[in-house]
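Oh and the sequence shown: position 34 is 48 in this note's numbering, straight run, nothing missing. Beta carbons: idealized from backbone N, C-alpha and C, even for Gly. In this text, all values refer to a predicted model and were calculated from it rather than measured experimentally. Take a look at the structure below.
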Amino acid sequence: MRTFSDLFGGKKAIIGMVHLQPLPGSPRYGGDLDAVYRAAVEDLENLQRAGVSAAIIENFGDVPYGTDNDFITLASMTSIAARLREKTDMPLGINVQFNCAKEEWAMAYATGGDFIRVEAFVETRVGTHGITYPAAPVLMREKGRYPADTLLFCDINTKHTEPLVPSAIKDNIHAAIEEGADALIVTGVVTGQNPTLEQVEEFKQNSGSVPVLLGSGINADNAGDFLAIADGAIVGSSFKYDGDVFKQIDPARVKAFMERVQL
15 MRTFSDLFGG
25 KKAIIGMVHL
35 QPLPGSPRYG
45 GDLDAVYRAA
55 VEDLENLQRA
65 GVSAAIIENF
75 GDVPYGTDND
85 FITLASMTSI
95 AARLREKTDM
105 PLGINVQFNC
115 AKEEWAMAYA
125 TGGDFIRVEA
135 FVETRVGTHG
145 ITYPAAPVLM
155 REKGRYPADT
165 LLFCDINTKH
175 TEPLVPSAIK
185 DNIHAAIEEG
195 ADALIVTGVV
205 TGQNPTLEQV
215 EEFKQNSGSV
225 PVLLGSGINA
235 DNAGDFLAIA
245 DGAIVGSSFK
255 YDGDVFKQID
265 PARVKAFMER
275 VQL
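If you want it as structure tokens, here you go:
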């Protein structure tokens, strides 16, 4: 089976976000699905030209998030993901909000996705979406029925949520590894906010050989410090115009970031 090192060639992974505009079925959908696709292509191409390692396709615009999505939302996102797959050989991931891991696996399986992001793999989390239960039991059975080389990038103590029952970070890390996580993600409290260096170090100390990704808050100024510890980073806000997560990818900001980290 493919590994994180296989996917990224043993280098630090810089993963940009293709934040989809609101899709059909979500409250803010604008009525033009092709416009959603065109914006996604533009973001993907700007990330690729700057030399990022990979990209995650996410239904970012579908707020407020729930744990179930309309069929038309999932079908539309699958269609866009398949069309984006044809545009690049760069590794692509799938993230369906919120913690829709079974749907992510199906979407990645159907479109050739290289990895998925799972917000609550082994934890029960509480947030504005409601209560989210651990995805691992259902996801790993789905993976067994439909095996693929798709990797699982799993959050621990994920942003925008609180644990239903407090548990030690190291215990959750060990549980995630035992249940099949291919990489672990450490985040700040909210989008755009970084964890502390000490928190990233705690993840690395407890993860063994499993890679650790920074999931929020990295920028050109702090990248050196965080990437000295972590195995890579998922970058959203810092790659956008004015650093605004709701805007599109700014090629100049991506280029400046990649030149700074010199990977």
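Beta-bridge partners of residue i, as assigned by DSSP
i	result
Lys254	Ile263
Asn109	Glu72
Leu227	Ile199 and Gly246
Phe129	Gly107 and Leu165
His33	Glu72
Thr11	With the chain running from 15 to 277 in the structure shown, residue 11 is simply not present.
Glu176	Val140
Ile28	Ala247
Under 9 Å between C-beta atoms of residue i and residue j
i	j	result
Tyr51	Arg97	yes
Val152	Ala195	no
Phe217	Ile187	yes
Thr138	Ile130	no
Ile170	Ala190	yes
Ala234	Val275	yes
Gly65	Arg99	no
Gly141	Phe112	yes
Ile232	Val259	no
Val268	Asp245	no
Asp57	Ile263	yes
Gly107	Ala69	yes
Val132	Met121	no
Glu59	Lys101	yes
Thr87	His143	no
Classification of residue i by the beta-carbon crowding that lies within 10 angstroms, buried from 16 upward
i	result
Pro209	buried
Asp256	exposed
Phe135	buried
Phe85	exposed
Ser221	buried
Ala27	buried
Val179	exposed
Ser223	exposed
Gly24	exposed
Pro148	buried
Met15	exposed
Lys173	buried
Ala266	exposed
Ala49	exposed
Among the options, the one whose alpha carbon lies nearest that of residue i
i	options	result
Gly39	Gly30, Tyr79, Ala69 and Ile108	Tyr79
Ala54	Thr164, Gly45 and Met31	Met31
Phe18	Pro105, Arg63 and Gly65	Pro105
Ile183	Leu165, Glu59, Glu215 and Thr81	Glu215
Ile71	His143, Asp163 and Met91	Met91
Ala95	Glu118, Val77 and Asn83	Glu118
Gly158	Val77, Thr175, His143 and Tyr123	Tyr123
Thr125	Thr164, Met154 and Pro41	Thr164
Asp20	Gln62, Ser67, Arg63 and Leu61	Ser67
Below-9 Å beta-carbon distance, residue i vs any chain B residue
i	result
Gly75	Considering every chain present, this structure includes no chain B. It has just one protein chain.
Meets three-Cβ-pair contact criterion under 8 Å: the region 32–40 and the region 237–248: no
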